[in-house]
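S.K.: Protein chains in written order, with this note's numbering: chain E, 1 to 335; chain S, 1001 to 1311. Cβ coordinates follow ideal geometry from the N, Cα and C atoms, glycine included.
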Amino acid sequence: MGRYVIRRLLQTVVTFGVVMFLLHYLTTLAIQINGNPVRTFFGDKPVSDSVLAATKAKFNLDDPCLTRVGDPCMGIFQKRMGDWFLRGDFGTNFKQVDVMESILKAIPVTLQLFLIVTIVWILFGITAGTWAALRRGKFIDYFVRIGTTLTVAVPGFLLLLIVQKVVGVLLGNWARDTFGRESVLGIIFQPSYNAKYAWLTLLIPGIVLGVFGIAGITRLSRTSMLENLRSDFVRTAKAKGLKPTRVTIVHTLRNSLIPVVTLIGFSLAEALGGALITEGIYNIPGMGKLAYDAIKTVDTPVIIAVTAISAIIYMLVNLLIDLLYAVLDPRIRYE
Amino acid sequence: MSDANLQVAAATAPKTQKQRGLWSDAFHDLRKRPTVIISSFVILVILLIAFFPGLFNFHDQNVKYCDLGLTRGAPSGQHWFGFDEFGCDYYAQAIYGAGPSIQLAVIVVTVTIIIGGFMGVLAGFYGGWVDAIFSRVVDVFNSIPFLLGAVMLLTMFRDVQVPLIGGRLQAIIPAAITLIIFGWTSTMRLIRASVIESRGLDYVQAARSLGASDMRIMFRHILPNAMAPVVSLIPLSIASMISVEATLSFIGLGVRAPEITWGMMISSGAPYFTSGFPRLLIVPSAFLIATVLSFVLLGDAIRDALDPKLR
């Protein structure tokens, strides 16, 4: 067990280092191939070499290795890692705004969104999967299976757009006309985020973002329940004469949830990508929106920072789940 | 019927009856399902549209010809879906918009299966440090969320031209390379697991004791048997690649202009949904959903047929 934990930690450290190097290398390669981004600040205007050099120095883009295509620029890498992790400094974007500051401001909003997503997954995903497993082959089972297939088949961004147009605009206009602008329904059905009513306006986009990953969670809870329903310990529990509800909830469901909880962890980390679209379309000032806006202005420092932070979150979640697993499930072999 | 019954039935079946293998069994199972028939038909039509759009251009519309005077014009017998905001024929746009994304999806899935399959077989077969290295590489690529990684790469290299190719390939290849970079890991893991499972089986031992080389065991014996999970993955990955490409096109990073894709049409049509022109969003969405849904349904059906345990 101890050896497993140490090995797992070492693996994470190595992966972490390689991911960071990869992100760094891609950034430098982009500059080496596309040319120095500083040049684009001046558009078509003629610019003197001294001004150009000064601007490059200001954005730390004056290293000569940035002109040699393929050079990994290890010096810049060391400096960048020091800035990122020792000083928590992700630099400034091309508009001179501190990237770390905007990310710190954005994280709570994204967390709020993800809380809603998690609740949706637990409330609808696990319930639907469990219910379908208990009624295997019946109407509700087919209904859940068709439903999960449909959520996979409709691309997330399209669902968001349609919901925004239909619920946010059409239904929302009706609600605002009928109950007034400040009524609860009128606010819930708003087509974009409103900082004054953060939770209410996050509800609809949160539910739709939840639909992105719900299929996997529902199917896993279903198969996991089915497997456990057939197992010996459930048969024993039934044979002992325990109440059916107790057998279902305490003996079957609780054991079936271990893999599902793992998947929820992974799916949350994966949903960081989905948050880009959700927050972009619904104008939610979170991490995804930062990246979404940065795409439009080709503001690579912001995209790199958001990707790096998402990767770090993903690796931490991954590590945590693996370690928890080792504690929770003694059947796992470590070799 | 339970497994035990099946085994009894198989054991007592007369020897004259032809024994069916996994594949033909699965095929017989699939052939009878209505969802499979319908989705295969839709996929066939969509593939025809994607590779031979001219066949479906019934009124000989020039897809590049747009007349601003006809902006958002109503549908008519000649122009089934009317016109878009620039006065281009919307039916022709929808038909010609199928090609780039579907060709991209096919390219991406083919290459990921070749790369992922090759690495998966090596890692699964040799185990040890080969496996350790491949698994760490997979970890690295998995640590970057798929969509964010694709967005990052495509933004950084958005103006880069790939040398030596032109026309449509030039528009498709940057997005294709990006999706391959972040997509090969899932195939690799699947094949690896499946190879590890069959590595210790009797037929591998038999082949080895007959003096077969590692290469022969890997690619002639293990790989064909490890392919089953991948086959159902093909339609499912095509579906997810089409949907990812549409997402990227929607934020302006997928297939490059002047090619048209459904994602771009959705992006430019969406603002008019609530201002009296809902068809500008509905038409490309319907094409996209029908395509993705058909591939998902077919993939699900194949998976069920090849692995009845999951049902």
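So for G206 of chain E, helix, strand or coil by DSSP?
M.R.: Taking the first residue of the first sequence as 1, we reach residue 206 of chain E at position 206. DSSP places G206 of chain E in helix when its eight states are reduced to three.
S.K.: Closest to P1145 of chain S by C-alpha separation, out of E:L158, E:A175, E:D322 and E:I303, would be which residue?
M.R.: Reading the second sequence from its first residue, position 145 is the one you call residue 1145 of chain S. For P1145 of chain S, the nearest C-alpha among the options comes from E:I303.
S.K.: Go ahead and pull the three-state DSSP assignment for D1355 of chain S.
M.R.: The structure shown does not extend to residue 1355 of chain S, since chain S is modelled only from 1001 to 1311, so the question has no answer here.
S.K.: If you drop the 5 nearest sequence neighbours on each side, which residues of the same chain put their C-beta closer than 8 Å to that of G168 of chain E?
M.R.: Counted from its first residue, the first sequence places residue 168 of chain E at position 168. The answer, listed in chain order, is F189, Q190, P191, S192 and I204.
S.K.: Go through its chain and collect everything with a Cβ distance to D1003 of chain S's Cβ below 8 Å, but skip five positions before and after it.
M.R.: Here the question's residue 1003 of chain S lines up with position 3 in the second sequence. Any answer about D1003 of chain S is weak, because its pLDDT of 49 lies below 50 and its placement is not dependable; what the coordinates show is given next. Nothing listed; no residue qualifies.
S.K.: Go ahead and label P1100 of chain S buried or exposed: buried means 16 or more other beta carbons lie within 10 angstroms of its beta carbon, across all protein chains shown.
M.R.: Counting from 1 along the second sequence, the entry for residue 1100 of chain S is found at position 100. So P1100 of chain S ends up on the buried side.
S.K.: Tell me which residue opens and which closes the alpha helix (DSSP H) that M1227 of chain S is part of.
M.R.: On the second sequence, position 227 is the one that residue 1227 of chain S refers to. Careful: M1227 of chain S lies outside any alpha helix (DSSP H) and carries neither H nor E.
S.K.: How long is the line joining the alpha carbons of R8 of chain E and L316 of chain E, rounded to whole angstroms?
M.R.: For the purposes of this step, residue 8 of chain E is identified with residue 8 of the first sequence, where counting begins at 1. For the purposes of this step, residue 316 of chain E is identified with residue 316 of the first sequence, where counting begins at 1. In a straight line, the C-alpha of R8 of chain E is about 11 Å away from that of L316 of chain E.
S.K.: Of the residues S:I1266, S:H1221, S:L1233 and S:I1251, which one's Cα is nearest the Cα of Q1093 of chain S?
M.R.: Your numbering for residue 1093 of chain S matches position 93 in the second sequence. Ranking S:I1266, S:H1221, S:L1233 and S:I1251 by Cα distance to Q1093 of chain S puts S:I1266 first.
S.K.: Taking the DSSP output, what are the residues bridged to D1089 of chain S?
M.R.: For the purposes of this step, residue 1089 of chain S is taken as residue 89 along the second sequence, with counting starting at 1. Note: D1089 of chain S sits in a beta bridge opposite S:F1083.
S.K.: Counting only the same chain and skipping the five closest in sequence on each side, list residues whose C-beta sits under 6 Å from that of S1294 of chain S.
M.R.: Counted from its first residue, the second sequence places residue 1294 of chain S at position 294. Closer than 6 Å at the Cβ level, and outside the excluded window around S1294 of chain S, lie S1039, V1042 and I1043.
S.K.: I'd like the list of long-range same chain contacts for H24 of chain E, defined as Cβ closer than 7 Å, with 5 residues on each side in sequence excluded.
M.R.: Here the question's residue 24 of chain E lines up with position 24 in the first sequence. Once the five neighbours on either side are set aside, the close Cβ partners of H24 of chain E are F77 and R80.
S.K.: Taking Cβ positions only, does R1232 of chain S come closer than 9 Å to chain E?
M.R.: Indexing the second sequence from 1 puts residue 1232 of chain S at position 232. The sequence given here has Ser at residue 1232 of chain S, not Arg. With 9 Å as the cut-off, S1232 of chain S does not count as an interface residue toward chain E.
S.K.: Following the continuous alpha helix (DSSP H) through M1156 of chain S, name the residue where it begins and the one where it ends.
M.R.: In the second sequence, counting from the first residue as 1, residue 1156 of chain S sits at position 156. First-last of the alpha helix (DSSP H) with M1156 of chain S: F1146 to M1156.
S.K.: Relative to the alpha-carbon of L1297 of chain S, which residue among E:A275, E:L150, E:V306 and E:N255 has its alpha-carbon at the smallest distance?
M.R.: For this step, residue 1297 of chain S is matched to residue 297 along the second sequence. L1297 of chain S has its Cα closest to that of E:L150, out of E:A275, E:L150, E:V306 and E:N255.
S.K.: Along the region 71-105 of chain E, what residues have a CB closer than 8 Å to any CB found in chain S?
M.R.: Those residues of the region 71-105 of chain E that come within reach of chain S (Cβ to Cβ, closer than 8 Å) do not exist; the list is empty.
S.K.: Quick test of the definition: if touching needs 3 or more C-beta pairs under 8 Å, does the region 317-327 of chain E touch the region 3-23 of chain E?
M.R.: Segments in contact, yes.
S.K.: From K165 of chain E to V208 of chain E, what distance separates their C-alpha atoms?
M.R.: The residue labelled residue 165 of chain E in the question sits at position 165 within the first sequence. The residue labelled residue 208 of chain E in the question sits at position 208 within the first sequence. When rounded, the distance between both Cα atoms is 13 Å.
S.K.: I believe L134 of chain E touches G206 of chain E by the beta-carbon criterion, under 8 Å. Please report the beta-carbon distance rounded to the nearest angstrom.
M.R.: Against the first sequence, residue 134 of chain E aligns to sequence position 134. Against the first sequence, residue 206 of chain E aligns to sequence position 206. Incorrect: roughly 28 Å between the Cβ atoms, too far for contact.
S.K.: Looking at the structure shown, is T92 of chain E part of a helix, part of a strand, or coil, going by DSSP?
M.R.: Mapped onto the first sequence, residue 92 of chain E falls at position 92. Looking at T92 of chain E - three-state DSSP - the assignment turns out to be strand.
S.K.: Using Cβ-Cβ distances below 9 Å, what residues of the region 1244-1260 of chain S are close to chain E?
M.R.: Those residues of the region 1244-1260 of chain S that come within reach of chain E (Cβ to Cβ, closer than 9 Å) are V1244, A1246, T1247, F1250, I1251, G1252 and L1253.
S.K.: I believe L287 of chain E touches I103 of chain E by the beta-carbon criterion, under 8 Å. Please report the beta-carbon distance rounded to the nearest angstrom.
M.R.: The sequence position of residue 287 of chain E within the first sequence is 287, counting from 1. The sequence position of residue 103 of chain E within the first sequence is 103, counting from 1. The residue asked about is misnamed: residue 287 of chain E is Met in this sequence, not Leu. At roughly 7 Å, the Cβ-Cβ gap stays under 8 Å, so M287 of chain E and I103 of chain E are in contact.
S.K.: Is D299 of chain E helix, strand or coil when you go by DSSP?
M.R.: Position 299 of the first sequence, counted from the start, is the residue given in the question as residue 299 of chain E. Of the three classes helix, strand and coil, the one that applies to D299 of chain E here is coil, per DSSP.
S.K.: Please confirm if L1104 of chain S has its CB atom under 9 Å from at least one CB of chain E.
M.R.: Your numbering for residue 1104 of chain S matches position 104 in the second sequence. It does not; no Cβ of chain E falls within 9 Å.
S.K.: So, at 6 Å on beta carbons, what are the nonlocal neighbours of G1124 of chain S in its own chain, with the 5 sequence-adjacent residues on each side left out?
M.R.: Along the second sequence, one-based indexing puts residue 1124 of chain S at 124. Contacts found: R1192, V1195 and I1196.
S.K.: How far does the alpha helix (DSSP H) with S1135 of chain S in it reach, from first residue to last?
M.R.: Here residue 1135 of chain S refers to the residue found at position 135 of the second sequence. Element bounds for S1135 of chain S: G1128 to S1143.
S.K.: For V5 of chain E, which of helix, strand or coil comes out of DSSP?
M.R.: Sequence index remark: in the first sequence, residue 5 of chain E carries index 5 (1-based). Here V5 of chain E sits in helix by DSSP.
S.K.: Any beta carbon of chain S sitting closer than 9 Å to that of P285 of chain E?
M.R.: To locate residue 285 of chain E, count along the first sequence from 1; it is residue 285. No, its Cβ sits nowhere closer than 9 Å to a Cβ of chain S.
S.K.: For D98 of chain E, which residues does DSSP report across the bridge?
M.R.: Indexing the first sequence from 1 puts residue 98 of chain E at position 98. Answer is E:T92.
S.K.: Note down, in chain order, every chain E residue with its Cβ under 7 Å from the Cβ of F1287 of chain S.
M.R.: Indexing the second sequence from 1 puts residue 1287 of chain S at position 287. Those within 7 Å of F1287 of chain S in chain E number zero; the least Cβ separation is about 11 Å.
S.K.: In the DSSP assignment, what residue or residues form a beta bridge with C1066 of chain S?
M.R.: One-based indexing of the second sequence puts residue 1066 of chain S at position 66. S:C1088.
S.K.: Please state whether the Cβ-Cβ distance between R1072 of chain S and D1089 of chain S is less than 9 Å.
M.R.: Position 72 of the second sequence holds residue 1072 of chain S. Position 89 of the second sequence holds residue 1089 of chain S. Going by C-beta atoms, R1072 of chain S is not nearer than 9 Å to D1089 of chain S.
S.K.: So which residues on chain E does R1136 of chain S lean against when the C-beta distance must stay under 9 Å?
M.R.: On the second sequence, residue 1136 of chain S is found 136 positions in, with the first residue counted as 1. Chain E residues near R1136 of chain S: Q11, V14, T15 and V18.
S.K.: Using the Cα positions of D1067 of chain S and L160 of chain E, report the straight-line distance between them to the nearest angstrom.
M.R.: Taking the second sequence and counting its residues from 1, one reaches residue 1067 of chain S at position 67. Taking the first sequence and counting its residues from 1, one reaches residue 160 of chain E at position 160. The straight-line gap from Cα to Cα measures roughly 31 Å.
S.K.: Compare the beta carbon distance of I295 of chain E and T1112 of chain S with 9 Å and say whether it is the shorter of the two.
M.R.: Numbered from 1 along the first sequence, position 295 holds the residue referred to as residue 295 of chain E. Numbered from 1 along the second sequence, position 112 holds the residue referred to as residue 1112 of chain S. Going by C-beta atoms, I295 of chain E is not nearer than 9 Å to T1112 of chain S.
S.K.: How many angstroms separate the CA atom of L1223 of chain S from the CA atom of I116 of chain E?
M.R.: By 1-based counting over the second sequence, the position of residue 1223 of chain S is 223. By 1-based counting over the first sequence, the position of residue 116 of chain E is 116. The alpha-carbon atoms of L1223 of chain S and I116 of chain E are separated by roughly 44 Å.
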